[in-house]
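Reviewing the structure listed below.
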Amino acid sequence: QLDPAISVEVTDTTNDVPLAGEVRHLKVKEDYEQDVMLIGYTWYPFSKANNTVLEFDNLPASILNTQAILANRLTSIKELLQQATNKANASANNYISDTDPSTYTDLNVGDIWTRKLTE
-15 QLDPAISVEV TDTTNDVPLA GEVRHLKVKE DYEQDVMLIG YTWYPFSKAN
35 NTVLEFDNLP ASILNTQAIL ANRLTSIKEL LQQATNKANA SANNYISDTD
85 PSTYTDLNVG DIWTRKLTE
């Protein structure tokens, strides 16, 4: 008989440092016992008011799981980078002229006025 896939989220009130990959024994009443591994957590080391949330499952770790997690994180990072690039491109203008650009246009915070070099 195969063990069912288990995914458990636990709230820990001790505020102890979580150890990634830690294995704990899960017992559901008298009917079922299984070892589960810590696969994720949210820990607030500087706040005793916020409880630590631990995520366990019993699925075997594999390179495919790791690659999927890394691919998701990489996609998130790429999206953040694109947002930052778009904001930077949209928020700063470089005015190259001999006269103050505020006389003929509305300037925004971050805009740059560059005077042409003369010989």
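Heads up, the sequence shown is in the numbering used here, so the first residue is -15 and it goes up one at a time.
Where is the CB? At the ideal position from N, CA and C, for every residue including glycine.
Residue environment: Val20 is assigned as buried (16 or more neighbouring CB atoms within 10 Å of its CB, all protein chains considered). The residue from Val93, Ala52, Gly5 with its alpha-carbon nearest to that of Lys71 is Val93. With contact defined as three or more Cβ pairs closer than 8 Å, the region -8 to 2 and the region 33 to 41 are in contact. Ranking Ile80, Ile96, Ser86, Thr89 by CA distance to the CA of Thr102 puts Ile80 first. Taking a contact as a CB-CB distance under 8 Å, the pair Ala(-11) and Asn42 counts as one, their CB atoms being some 7 Å apart. When DSSP reads this structure, Leu65 sits in no beta bridge, so it has no partner. Asn77 and Gln67 have their C-alpha atoms some 17 Å from each other. Secondary-structure assignment with DSSP links Asp0 through no beta bridge to anything. Spatial neighbours of His9 in its own chain (CB-CB distance under 6 Å, excluding positions within 5 residues in sequence) are listed in chain order as Asp19.
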